[in-house]
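**Q** Right, I'll just put the structure down here and ask away after.
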């Protein structure tokens, strides 16, 4: 009895079905996702990353940060991402449409980084990252995040000390030998630029990030302020 | 074609002699490629184990080898995964699949020398990919980290293997298609489909936004379910009855198991994205499919159990059976755990934690790798016509890996659950229930998980010991001289003095 | 994902697929493709390695196994 054609048909059918359902329909469905202009900010969101940050994302990729950090905030009512301050709202599909590569991640050995640019911003944020990459123990005692000292260069001072030297930001025990200075490599600069730029913008007008909350829950919350009145 | 071959091989008129000549001719025809694939798989197993240990130690002692860029955690972990998946597991599954296919189709592997090209290309591809990751070209897409320049080589090699296996099936003399062949044929077709689509839609021409995540998990979960699982099950469905000398309990159940796996597993991968920024309906479909996976799993587990019942004493004598039964039991356990993990409320805790890592090893190691070990213990003597040199080393291999992986899975699952609870208990009414887990900040969560990460390293050491025992036995077997006059696998005791399993 | 998609595209599609699967099964059974399934279980045995003969005693080889009790 030759069942081979029947078996083959079934085998083909099984995978074609899931590909159509999971991949193709969504691939088509996503075509309608567009940036949304926000009146308050005067900009369209999501925003594109600046060039330096895009290069930084390559560093993020090549060092495998994704194996310890996610870039997706779970919605209110599912997990406590918002309470932990990892974002002001859950992430939605539109947030990612400009990204050539999406690093959602599946592991949270460290905190979610989707909005790390909001937590560490400006010059202070940059200094924090410098310390953290040089030795995570400086900023976070007991951390198991590895050091990334190869993103720095310790070099002899030739002529004038570089204005970009960073050793002044590091505690005493990390100071280089006399006549040397520590500078960030270009990759280090880029990576920090990326982290400083990581931040989701406001939601679109008819968008909700509360996708997973049971229907009645919004009502409950809506009634709370009334009860307080 | 095949008729002349057979005729030349069995000049004797006695059907008994003819049969013997047939089986050993088939085994012999697979020798060159199978040996090459197995040899390289063992090599990659050791390489992968070394990276595993490095990554595991780094996780709780981040300064260990801390300043070497190419060994930074993100790369060491990736090197480990790719070495054990594409190096060890795929190489081993190629050997096992080709050998099984030849035996089940009752056809010699023809022009097997050409398959060596495939074997060489596959291993060159894996090496190129590994070096690429080490120097920073990883894609950071889970399970697809090999840089784009490595994949065409792999694809080329795969095309050979797939074509050969299918041709062997096509030219086979067997009238029936045994259930193992169903699984093999399906796997051979599914893998290139998955890999091709994933490469195109993720690496070469990435799709838009989080569709990438959907493609990623459609691939990564399916490569487990539609490549490794079918090959592992094909091996179990062959070796379990073969070693025991009694047919599988219910052939009907095995067929049912096959089709339900084909339908449901395909959809299950999306459960890796529960709560993520992808459409809810796909997540729901993924959850439903994951739940339906209970059907093939229970069916398969039951069938294996019913086959083994009454013959369990054979576990004492047969290394193949030990590994395969260990693997089979863990297939059931890990799949049921997987279905559970897809529940939204359970995923809320365990998602993003070490629990997932434990689960991945439960499937890839406690099930698949153990089954491959068992298969190799059966296949190698039959293509080399000599017996394993040391039963003690086999025993050491079994106990070290079995105990090691059990500690690993139990430890990480526990650690992951605690990590998940601690992460989810910031404040509020839950917080007071388990004071030790509540209100933990990031540092507190690390403190809670640290002991389990250390346990993982210790179990890793145990597993490494097992692998070394295996590798030593393997090499020893290759170099040990063949007993004089061995032309057929006669060195296997024909009439065992243990009670014949019925 | 709009709700209409669920009712007017996804659901009919799923029903169609289930229906075609059911039809496939019906066709297969009518053509006798599902007969003597249980026979399939025996194809891996032959005269050389018949039913009733275990084929792997590696651990038994180096040292004769005691008749009872575990060895390891």
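Residue numbers (this note's numbering), protein chains in the order written: chain S, 1 to 229; chain A, 1001 to 1502; chain Y, 2001 to 2072. For each residue, glycine too, the CB sits at the ideal point set by N, CA and C.
1) By Cβ distance, which residues of its chain are closer than 6 angstroms to residue 133/S, with the 5 residues on each side in sequence left out?
2) Could you tell me which of 1135/A, 1139/A and 1396/A sits nearest to residue 980/A, measuring between CA atoms?
3) Kindly indicate the opening and closing residues of the alpha helix (DSSP H) around residue 1082/A.
4) From residue 1256/A to residue 1296/A, what distance separates their C-alpha atoms?
5) Check each candidate in 1037/A, 1074/A, 1475/A and 1478/A and name the one with the smallest Cα separation from residue 1058/A.
6) Have a look at residue 1395/A and residue 101/S and give me their C-alpha separation to the nearest angstrom.
7) Do residue 1238/A and residue 1109/A count as a contact pair if the criterion is CB distance below 7 angstroms?
8) Quick check: the Cα distance between residue 106/S and residue 2043/Y, rounded to an integer number of angstroms?
9) Output needed in chain order: residues of the stretch 1171 to 1185 of chain A with a Cβ under 7 angstroms from some Cβ in chain Y.
10) Using three-state DSSP, classify residue 1230/A as helix, strand or coil.
11) Less than 8 angstroms between the CB atoms is what I'm expecting for residue 81/S and residue 73/S, so what's the real figure, rounded?
12) From 99/S, 70/S, 56/S and 109/S, pick the residue whose C-alpha is nearest to that of residue 33/S; which is it?
13) Which of the three DSSP states is assigned to residue 52/S in this structure?
14) Give me the residue from 200/S, 42/S and 24/S with the minimum Cα distance to residue 86/S.
15) Going by the DSSP bridge assignment, what does residue 182/S pair with across the sheet?
16) What's the C-alpha gap between residue 1349/A and residue 79/S?
17) So, for residue 1118/A: in the same chain, excluding its five sequence neighbours on each side, which residues have a beta-carbon less than 7 angstroms away from its beta-carbon?
18) When you check each C-beta in the stretch 1229 to 1259 of chain A against every C-beta of chain Y, which residues fall closer than 7 angstroms?
19) Quick check on the DSSP output: the beta strand (DSSP E) that includes residue 38/S runs from which residue to which?
20) For residue 1024/A, does the count of other Cβ atoms within 10 angstroms reach 16, so buried, or fall short, so exposed?
21) Span of the beta strand (DSSP E) holding residue 45/S?
22) By Cβ distance, which residues of its chain are closer than 6 angstroms to residue 2025/Y, with the 5 residues on each side in sequence left out?
23) What span of residues does the alpha helix (DSSP H) with residue 1330/A cover, start to end?
24) Kindly indicate which three-state DSSP category residue 145/S falls into: helix, strand or coil?
25) When the Cα atoms are used, what is the spatial distance from residue 11/S to residue 1169/A?
26) Identify every residue that forms a DSSP beta bridge with residue 1352/A.
27) Are the CB atoms of residue 1411/A and residue 1355/A nearer to each other than 7 angstroms?
28) When you compare each of 1234/A, 1467/A and 1439/A to residue 1188/A by their alpha carbons, which one comes out closest?
29) Shorter than 7 angstroms from the beta carbon of residue 1482/A to some beta carbon of chain S?
30) May I have the straight-line CA-CA distance separating residue 125/S from residue 184/S, to the nearest angstrom?
31) Given residue 1360/A, which residues of its chain have a CB within under 7 angstroms of its CB, disregarding the five upstream and five downstream residues?
32) Using alpha carbons as the reference points, say which of 1243/A, 1265/A, 1062/A and 1423/A lies closest to residue 1315/A.
33) Residue 1457/A CB to nearest chain Y CB: under 7 angstroms?
34) What does the alpha-carbon distance come out to for the pair residue 1129/A and residue 1091/A?
35) Would you identify the three-state DSSP class for residue 1359/A, choosing helix, strand or coil?
36) Would you tell me roughly how many angstroms separate the C-alpha atoms of residue 1179/A and residue 1249/A, rounded to the nearest one?
**A** Straight from the coordinates:
1) If you number the first chain from 1, residue 133/S lands on position 133. So the qualifying residues of the chain are 148 and 151.
2) Lying before the first or after the last residue shown, residue 980/A is absent from chain A, which here runs from 1001 to 1502.
3) Position 82 of the second chain, counted from the start, is the residue given in the question as residue 1082/A. Residues 1073 to 1082.
4) Within the second chain, numbered from 1, the residue matching residue 1256/A stands at position 256. Within the second chain, numbered from 1, the residue matching residue 1296/A stands at position 296. Counting only the Cα atoms, residue 1296/A lies some 7 angstroms from residue 1256/A.
5) Indexing the second chain from 1 puts residue 1058/A at position 58. Of 1037/A, 1074/A, 1475/A and 1478/A, the residue nearest in Cα terms is 1074/A.
6) Within the second chain, the letter at position 395 stands for residue 1395/A. Within the first chain, the letter at position 101 stands for residue 101/S. Computed Cα separation, rounded: 47 angstroms.
7) Here residue 1109/A refers to the residue found at position 109 of the second chain. Here residue 1238/A refers to the residue found at position 238 of the second chain. No; because the gap between Cβ atoms is not below 7 angstroms, this pair is not in contact.
8) On the first chain, position 106 is the one that residue 106/S refers to. On the third chain, position 43 is the one that residue 2043/Y refers to. A straight line joining the alpha-carbon of residue 106/S with that of residue 2043/Y spans about 44 angstroms.
9) Listed by position, the residues of the stretch 1171 to 1185 of chain A near chain Y (Cβ gap below 7 angstroms) are 1174, 1176, 1178 and 1179.
10) On the second chain, residue 1230/A is found 230 positions in, with the first residue counted as 1. The three-state reading of DSSP puts residue 1230/A in helix, counting H, G and I together.
11) On the first chain, position 81 is the one that residue 81/S refers to. On the first chain, position 73 is the one that residue 73/S refers to. Taking the Cβ atoms as the reference, residue 81/S lies roughly 5 angstroms from residue 73/S, within the contact range of under 8 angstroms.
12) In the first chain, counting from the first residue as 1, residue 33/S sits at position 33. Here the closest residue by C-alpha is 99/S.
13) Taking the first chain and counting its residues from 1, one reaches residue 52/S at position 52. Looking at residue 52/S - three-state DSSP - the assignment turns out to be helix.
14) Here residue 86/S is taken as the residue at index 86 of the first chain, counted from 1. It is 200/S whose Cα lies nearest to the Cα of residue 86/S.
15) Locating residue 182/S in the first chain gives position 182, counting from the first residue. For residue 182/S, which the question treats as bridged, DSSP gives the partners 154/S.
16) In the second chain, the residue the question calls residue 1349/A occupies position 349. In the first chain, the residue the question calls residue 79/S occupies position 79. Approximately 8 angstroms between the Cα atoms of the pair.
17) The count along the second chain starts at 1 and reaches residue 1118/A at position 118. The answer, listed in chain order, is 1157, 1160 and 1161.
18) Of all residues in the stretch 1229 to 1259 of chain A, 1238, 1241, 1242, 1243, 1244, 1245, 1246, 1247, 1248, 1251, 1252 and 1255 have a Cβ within less than 7 angstroms of some Cβ in chain Y.
19) Position 38 of the first chain holds residue 38/S. DSSP places residue 38/S inside the beta strand (DSSP E), whose first and last residues are 36 to 38.
20) As a working mapping, residue 1024/A is identified with position 24 in the second chain. When all chains shown are included, residue 1024/A counts as buried.
21) Taking the first chain and counting its residues from 1, one reaches residue 45/S at position 45. Its beta strand (DSSP E) spans residues 43 to 45.
22) Here residue 2025/Y refers to the residue found at position 25 of the third chain. Taking residue 2025/Y as the centre and dropping the five residues before and after it, the same chain places no C-beta closer than 6 angstroms to its C-beta.
23) In the second chain, residue 1330/A corresponds to position 330, counting from 1. In the DSSP assignment, residue 1330/A falls within the alpha helix (DSSP H) that extends over 1319 to 1341.
24) Locating residue 145/S in the first chain gives position 145, where the first residue counts as 1. Here residue 145/S sits in coil by DSSP.
25) As a first step, residue 11/S is located in the first chain; it is residue number 11 there, counting from the start. As a first step, residue 1169/A is located in the second chain; it is residue number 169 there, counting from the start. Taking the Cα positions, residue 11/S is about 16 angstroms away from residue 1169/A.
26) By one-based count along the second chain, residue 1352/A stands at place 352. Answer is 107/S.
27) Position 411 of the second chain, counting from 1, holds the residue named residue 1411/A. Position 355 of the second chain, counting from 1, holds the residue named residue 1355/A. When the beta-carbon positions are compared, residue 1411/A and residue 1355/A stay at least 7 angstroms from each other.
28) Looking up residue 1188/A in the second chain gives position 188. Looking at the Cα atoms, 1234/A is the closest of the given residues.
29) As a working note, residue 1482/A is residue 482 in the second chain. No - not a single Cβ of chain S is within 7 angstroms of the one on residue 1482/A.
30) Taking the first chain and counting its residues from 1, the one referred to as residue 125/S is at position 125. Taking the first chain and counting its residues from 1, the one referred to as residue 184/S is at position 184. Those two C-alpha atoms are separated by around 15 angstroms.
31) Taking the second chain and counting its residues from 1, one reaches residue 1360/A at position 360. Around residue 1360/A: no qualifying Cβ.
32) Stepping through the second chain from its first residue, residue 1315/A is reached at position 315. If we check each option's Cα against that of residue 1315/A, 1243/A comes out closest.
33) The residue labelled residue 1457/A in the question sits at position 457 within the second chain. Residue-level contact check: residue 1457/A does not touch chain Y, since none of the beta carbons of chain Y fall below 7 angstroms from its beta carbon.
34) What you label residue 1129/A is simply residue 129 of the second chain in a count that begins at 1. What you label residue 1091/A is simply residue 91 of the second chain in a count that begins at 1. Computed Cα separation, rounded: 15 angstroms.
35) Taking the first residue of the second chain as position 1, residue 1359/A is located at position 359. Helix, per DSSP.
36) Numbered from its first residue, the second chain carries residue 1179/A at position 179. Numbered from its first residue, the second chain carries residue 1249/A at position 249. Distance between the alpha carbons of residue 1179/A and residue 1249/A is about 13 angstroms.
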